[in-house]
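Right, one structure below, let's go through it.
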């Protein structure tokens, strides 16, 4: 399928938006988990899980906005969705954050593998995608370590 440069840029932004939506969900889930923890454990969750995901969220939004502005395409606002009912508990919220982060990482990996960021992107966008992917791909290991010591 042959597509124009504009169509390719729009596809790139749409795919990145899908990943950002998943990172937003991870952020919301970790926020809910934080609210249910004692101060010391909440501080650990913030340092080990929330900050890296929040950094990925901010970096991805910035990459999206800059790329859209550079090519005169519409930007989009991203807000964390509802994480769901608090009764799910800390462990479930962390697991959902991990799943959402993994999905975001897969979306970004697919985008990188598609070569769209090279064909119609720029070095700054590619660097942003790589940074976001690295941050979200660290999430499962960090979460496993956090959950292993939860309640101890």
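Residue numbers (my numbering): 1 to 152.
Just so it is clear, CB atoms sit at the ideal spot from N, CA and C, and this is done for glycine as well.
Boundaries of the alpha helix (DSSP H) in which residue i is found, first to last residue
i, result
"residue 134", "123-137"
"residue 101", "89-113"
Own chain partners of residue i with C-beta closer than 7 Å, once the 5 adjacent residues on each side are dropped
i, result
"residue 27", "53, 54, 57, 80"
"residue 119", "8"
"residue 46", "34"
"residue 108", "19, 129, 132, 133"
"residue 105", "133, 136, 137"
"residue 86", "32, 36"
Residue i in three-state terms, based on DSSP
i, result
"residue 154", "For residue 154 there is no data in the structure shown, the boundaries of the chain being 1 and 152."
"residue 78", "coil"
"residue 72", "coil"
"residue 150", "coil"
"residue 120", "coil"
"residue 3", "coil"
8 Å contact criterion, which residue i and residue j should meet: CB distance rounded
i, j, result
"residue 93", "residue 13", "The pair is not a contact, with the Cβ atoms about 29 Å apart (cut-off 8 Å)."
"residue 36", "residue 83", "11 Å between Cβ atoms; not a contact."
"residue 116", "residue 11", "7 Å"
"residue 128", "residue 59", "6 Å"
"residue 50", "residue 61", "Rounded, the Cβ-Cβ distance is 16 Å, inconsistent with contact."
"residue 111", "residue 15", "5 Å"
Residues of its chain near residue i, where Cβ-Cβ distance is below 8 Å and the 5 sequence neighbours each way are ignored
i, result
"residue 74", "68"
"residue 17", "64, 76, 78"
"residue 70", "122"
Contacts around residue i, its chain only, beta-carbon distance under 6 Å, and the 5 residues preceding and following it disregarded
i, result
"residue 160", "The chain is shown from 1 up to 152; residue 160 falls before or after that span and cannot be answered."
"residue 5", "120"
is_contact[residue i, chain D] using C-beta, thresh 9 Å
i, result
"residue 149", "In the structure shown, chain D does not exist; there is a single protein chain."
Near the ligand ATP: residue i beta-carbon under 8 Å from a heavy atom
i, result
"residue 26", "With respect to the ligand ATP, the structure shown offers nothing to examine, as it has no ligands at all."
- Which runs of the beta strand (DSSP E), 3 residues or longer, sit entirely within the segment 15-45? none
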